[in-house]
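Student: In this note's numbering, the protein residues as written are 115 to 400.
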C-alpha cells in the first residue's frame, strides 16, 4: 500500500472511529431491525463514471476496522484510471456489517475519487513542464487527511499538512508584523529559540515584496500571489533560482499552463480539492 507519510495508523484509525460514531450513534436500527444477524452476503463496488479511483485502501481499512472478518477482494487500485461499469472490489461477510459501513465507504471514495480525478487533469496539463501542482489547507475540517491523500493519488504534490510543519508568512502575518523583513527576522529568532527546523515560505504581492523577501536571505520559497503573467515572469527572473517559486491565487485549468511557462516551480490550487465534483459510485448486493 502506497500511502503518504501523514497517513499514520493513529490518524487513520482515529478518523475511522469518529466517522463510525457519527453515523451509527446508538445503533444502525434499519439494519438491526430488518437483517438477520447470521446472514452472510456480498456486494460489489460499481464505478458509475470514468475517473481516477481513490479510497480503495481507506475502504479496506474501514471495513476491517468495523468487522475484521469481512473479506475484501480488490479488483482495482488507488490511482487506476477506471471506466463506467467496472467493479472496484467485492466485499463479503456479515450482511449487517456491509450495510452499516456502506455509506461511510461510499462517501469517502466518492469525494476522494473526485479530487484525484481533478488533480490528475491539472497535472496532465503540465506534463510538458517542470512545474508541480500543490494542494492547500483549504480542506473540509476533519477530512483533510483523506483529501490530501486523494491529491497524492491523483499525482499532485502535497503542501504543508497543517500549521505545524512549515512556516508560511502570508500577507496578514507580514502586515501585522510590520512588513516582510520584520516577519522573517522574528521567525528566524523563534525557530532558533525553539529548536525547530522548518522551511520558511513568504507570500508576496508585487516585485518590491519579492525583492524584500529575497533580501532577508532566510526564505526557502517565495509565493507570488495573484500576480499577472508578466509580473510572474519578472519575479522568476529576479529570483533566478535562489529559492523556489510558487504561484497562487485563483488558479484555473485554462490558465495553469501559461503560468507554468513563466518558470515557477509550483502552482498551488485550492480548487483541486474544494471544486472537485464527487464521483458516482455504488455498492450493490449481487
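Ideal Cβ placement from N, Cα and C applies to all residues, glycine included. Bear in mind the structure is a predicted one, so any value in this text is a computation, not a measurement.
Using a Cβ-Cβ cutoff of less than 8 Å, which residues in the same chain neighbour residue 347 once the five nearest sequence positions on both sides are dropped?
Tutor: Only 376 and 377 meet the Cβ criterion.
Student: Find the nearest neighbour of residue 361 within the set 250, 231, 309 and 177, judged by alpha-carbon distance.
Tutor: If we check each option's Cα against that of residue 361, 250 comes out closest.
Student: Spatial neighbours of residue 210 within its chain, please: CB distance less than 6 Å, with the 5 preceding and 5 following residues excluded, ordered by chain position.
Tutor: Within the same chain, residue 210 has close Cβ partners 145 and 149.
Student: Have a look at residue 83 and residue 352 and give me their C-alpha separation to the nearest angstrom.
Tutor: Absent from the structure is residue 83, since the part of the chain shown begins at 115 and ends at 400.
Student: For residue 165, collect the residues of the same chain with a Cβ closer than 7 Å to its Cβ; drop the 5 residues on either side in sequence, then sort them by chain order.
Tutor: Excluding residues within five positions, the ones whose Cβ falls inside 7 Å are 196, 227, 231 and 393.
Student: Roughly how many angstroms lie between the CA atoms of residue 143 and residue 213, to the nearest whole one?
Tutor: Near 11 Å, if we compare the C-alpha coordinates of residue 213 and residue 143.
Student: Using C-beta distances below 8 Å, list every residue in its chain close to residue 125, excluding the 5 sequence neighbours before and after it, in chain order.
Tutor: 259.
Student: Can you tell me the Cα-Cα spacing of residue 205 and residue 184, whole angstroms?
Tutor: Distance between the alpha carbons of residue 205 and residue 184: 7 Å.
Student: CB-CB under 7 Å to residue 332, same chain, minus the five flanking residues each way: which ones, in chain order?
Tutor: Cβ within range, chain order: 298, 302 and 314.
Student: Going by DSSP, which residues form a beta bridge with residue 203?
Tutor: Paired residues: 188.
Student: Does the Cβ of residue 290 have 16 or more other Cβ atoms within 10 Å, making it buried, or fewer, making it exposed?
Tutor: Burial call: exposed.
Student: Going residue by residue through the stretch 195–278, where are the continuous beta strand (DSSP E) segments of at least 3 residues, counting only ones entirely within it?
Tutor: Runs of the beta strand (DSSP E) inside the stretch 195–278: 201–208 and 246–248.
Student: Rounded to whole angstroms, what's the CA-CA distance from residue 372 to residue 344? Just pull it up for me.
Tutor: Approximately 11 Å between the Cα atoms of the pair.
Student: Could you compute how far the alpha carbon of residue 339 sits from the alpha carbon of residue 153?
Tutor: Residue 339 and residue 153: Cα-Cα distance of roughly 58 Å.
Student: For residue 273, count the other beta carbons within 10 Å of its own beta carbon; 16 or more makes it buried, fewer makes it exposed. Which is it?
Tutor: Label assigned to residue 273: buried.
Student: Can you give me the C-alpha to C-alpha distance between residue 275 and residue 215, rounded to a whole angstrom?
Tutor: About 27 Å.
Student: Identify which residue in 271, 233 and 246 has its Cα closest to the Cα of residue 388.
Tutor: With distances taken between Cα atoms, residue 388 lies closest to 233.
Student: I need the straight-line Cα distance from residue 117 to residue 271, nearest angstrom please.
Tutor: Cα to Cα, residue 117 sits roughly 13 Å from residue 271.
Student: Cα separation between residue 136 and residue 182?
Tutor: Distance between the alpha carbons of residue 136 and residue 182: 20 Å.
Student: Per DSSP, residue 158 forms a beta bridge with which residues?
Tutor: 204 and 398.
Student: Can you give the beta carbon distance from residue 129 to residue 158, rounded, assuming they're within the 8 Å contact cut?
Tutor: Incorrect: roughly 25 Å between the Cβ atoms, too far for contact.
Student: Using alpha carbons as the reference points, say which of 279, 208 and 370 lies closest to residue 243.
Tutor: Nearest option by C-alpha distance: 370.
Student: What did DSSP end up calling residue 285 once you bin it into helix, strand or coil?
Tutor: Residue 285: helix per DSSP, three-state reduction.
Student: Establish whether the CB of residue 198 and some CB of chain B are separated by less than 8 Å.
Tutor: Among the chains in the structure shown there is no chain B, since it carries only a single protein chain.
Student: Which of helix, strand or coil does DSSP assign to residue 296?
Tutor: Note: residue 296 maps to helix in three-state DSSP.
Student: Can you say whether residue 176 is buried or exposed, counting buried as having 16 or more other CB atoms within 10 angstroms of its CB?
Tutor: It counts as buried.
Student: Helix, strand or coil for residue 316? Go by DSSP, reduced to three states.
Tutor: Reduced to three states, the DSSP call for residue 316 is strand.
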